[in-house]
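K.L.:
Residue numbers (the numbering used here): 23 to 309.
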């Protein structure tokens with residue numbers, strides 16, 4: 023399984039020289055079989071534009087999974103060139119909440135945008151996803167609802183039968199209580215998604231120092247992600263959904279201060295992970 027981080031920011035894009043090293047696009051992760059083009063895209067923030075480059079001029083044929091419908095996870099859709107063409111074939115899924123195209127069209131459509139979802143070229147199909155296990159774009163996907171302020175939100179676990187990745191870019195567990203360190207509990211849904219996973223991609227928008235004034239925004243801390251990764255036995259942790267104001271220098275400081283028994287990376291664009299078959303002597307490689 024080849025995993026490419028196409029957008030790693032949360033809330034809004036971060037242009038400018040001070041964000042070049044980690045990248046400024048909003049949430050998008052592309053997944054394909056080793057050596058093959060991506061067929062599964064997790065979220066459609068502005069980073070989805072990078073997926074067209076990964077495809078090298080070919081149309082996208084596969085599935086897009088949205089964790090939820092906040093702008094930083096959807097606003098790249100009409101700018102996804104590989105999907106907006108006559109020979110594209112796209113199945114887009116969001117957490118079930120009525121007619122999927124109509125719900126998506128509340129933000130993507132006049133007067134907010136020139137076209138609605140139905141205006142995208144190619145064969146687009148829009149559907150609502152329920153919690154459970156699904157077979158999508160050649161992968162097994164487990165969907166579970168997790169706490170995040172402002173709309174139904176899913177986390178996903180993706181497996182190709184040999185290796186696995188958990189994706190929780192927006193997660194506000196403190197809504198369920200303080201947990202062991204005041205940042206939220208390691209609750210049942212997140213355990214189901216992340217236990218024993220090879221790579222855990224997790225919301226790390228806040229630091230512990232700033233969390234008391236930002237706890238109501240629906241996101242996690244770096245320390246929560248570190249604790250969860252250790253608690254569930256994840257093979258590797260990728261800190262994701264960086265604050266839009268967190269500069270390269272500030273992210274470097276976070277990286278330098280990390281202490282964890284679990285190997286930790288800070289997501290950057292366009293970082294690529296290659297997940298081999300599960301095995302203690304074969305960790306994920308990075309390119």
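Every residue, glycine too, gets a C-beta built ideally from N, C-alpha and C.
Note that the coordinates shown come from a computational prediction; the quantities given were computed from them, not determined experimentally.
Span of the beta strand (DSSP E) holding residue 111?
P.N.:
Counted from its first residue, the chain shown places residue 111 at position 89. Looking at the DSSP string, the run of the beta strand (DSSP E) that includes residue 111 is 111-117.
K.L.:
Look at the alpha carbon of residue 49 and the alpha carbon of residue 206, and state the distance between them as a whole number of angstroms.
P.N.:
Numbered from 1 along the chain shown, position 27 holds the residue referred to as residue 49. Numbered from 1 along the chain shown, position 184 holds the residue referred to as residue 206. Looking at the two C-alpha atoms, the distance is approximately 23 Å.
K.L.:
Note down the Cα distance separating residue 27 from residue 58, rounded to an integer number of angstroms.
P.N.:
If you number the chain shown from 1, residue 27 lands on position 5. If you number the chain shown from 1, residue 58 lands on position 36. Cα-Cα distance, rounded: 16 Å.
K.L.:
Which value, in whole angstroms, describes the spacing of the CA atoms of residue 288 and residue 277?
P.N.:
Walking along the chain shown from the start, residue 288 turns up at place 266. Walking along the chain shown from the start, residue 277 turns up at place 255. Those two C-alpha atoms are separated by around 7 Å.
K.L.:
Closest by CA to residue 104, which one among 96, 162, 144?
P.N.:
As a first step, residue 104 must be located in the chain shown, where it is residue number 82. Looking at the Cα atoms, 144 is the closest of the given residues.
K.L.:
Tell me the DSSP bridge mates of residue 186?
P.N.:
As a first step, residue 186 must be located in the chain shown, where it is residue number 164. Paired residue(s): 181.
K.L.:
Going by DSSP, name the residue or residues bridged to residue 161.
P.N.:
In the chain shown, the residue the question calls residue 161 occupies position 139. Partner(s): 158.
K.L.:
Say whether chain C places a C-beta atom closer than 8 Å to the C-beta of residue 192.
P.N.:
Looking for chain C here will not work: only one protein chain is present.
K.L.:
Distance check for residue 184 and residue 23, CA to CA, integer angstroms please.
P.N.:
In the chain shown, residue 23 corresponds to position 1, counting from 1. In the chain shown, residue 184 corresponds to position 162, counting from 1. Each residue's alpha carbon lies about 8 Å from the other.
K.L.:
By Cβ distance, which residues of its chain are closer than 6 Å to residue 227, with the 5 residues on each side in sequence left out?
P.N.:
Counting from 1 along the chain shown, the entry for residue 227 is found at position 205. So the list reads 32, 241, 263, 265, once near-sequence residues are dropped.
K.L.:
Buried or exposed: which applies to residue 89, given that a residue is buried once 16 or more other Cβ atoms fall within 10 Å of its Cβ?
P.N.:
For the purposes of this step, residue 89 is identified with residue 67 of the chain shown, where counting begins at 1. Buried: at least 16 other Cβ atoms inside 10 Å.
K.L.:
Pick out whichever of 55, 44, 41, 284 has its Cα sitting closest to the Cα of residue 159.
P.N.:
Within the chain shown, numbered from 1, the residue matching residue 159 stands at position 137. Ranking 55, 44, 41, 284 by Cα distance to residue 159 puts 55 first.
K.L.:
From residue 220 to residue 129, what does the alpha carbon distance come to, in whole angstroms?
P.N.:
Position 198 of the chain shown, counted from the first residue, corresponds to residue 220. Position 107 of the chain shown, counted from the first residue, corresponds to residue 129. Each residue's Cα considered, the two are about 35 Å apart.
K.L.:
Scan the segment 171-251 and note each continuous alpha helix (DSSP H) run of 4 residues or more that stays entirely inside, going in chain order.
P.N.:
Fully enclosed alpha helix (DSSP H) runs of 4 or longer: 210-216, 233-236.
K.L.:
Suppose you measure from the CA of residue 189 to the CA of residue 38; what does that come to, to the nearest Å?
P.N.:
Here the question's residue 189 lines up with position 167 in the chain shown. Here the question's residue 38 lines up with position 16 in the chain shown. Each residue's Cα considered, the two are about 27 Å apart.
K.L.:
Please return the same chain residues whose Cβ sits closer than 6 Å to the Cβ of residue 36, not counting the five positions on each side in sequence.
P.N.:
Position 14 of the chain shown, counted from the first residue, corresponds to residue 36. Excluding residues within five positions, the ones whose Cβ falls inside 6 Å are 46, 266.
K.L.:
Does the Cβ-Cβ distance between residue 71 and residue 113 come in under 8 Å?
P.N.:
Position 49 of the chain shown, counted from the first residue, corresponds to residue 71. Position 91 of the chain shown, counted from the first residue, corresponds to residue 113. Cβ atoms of residue 71 and residue 113: not closer than 8 Å.
K.L.:
Taking just the CA atoms, how far does residue 44 sit from residue 295?
P.N.:
Here the question's residue 295 lines up with position 273 in the chain shown. Here the question's residue 44 lines up with position 22 in the chain shown. If you take the alpha carbons of residue 295 and residue 44, they lie about 15 Å apart.
K.L.:
Would you grab the beta carbon distance between residue 286 and residue 261 for me? Rounded to a whole angstrom, and I think it's under 8 Å.
P.N.:
As a working note, residue 286 is residue 264 in the chain shown. As a working note, residue 261 is residue 239 in the chain shown. With a Cβ gap of about 7 Å, residue 286 and residue 261 count as contacting.
K.L.:
Which term fits residue 96, buried or exposed, when burial requires 16 or more other beta carbons within 10 angstroms of its beta carbon?
P.N.:
In the chain shown, the residue the question calls residue 96 occupies position 74. With 16 or more Cβ atoms within 10 Å of its Cβ, residue 96 is classed as buried.
K.L.:
For residue 153, name the three-state secondary structure that DSSP assigns.
P.N.:
In the chain shown, the residue the question calls residue 153 occupies position 131. Looking at residue 153 - three-state DSSP - the assignment turns out to be coil, as it is neither helix nor strand.
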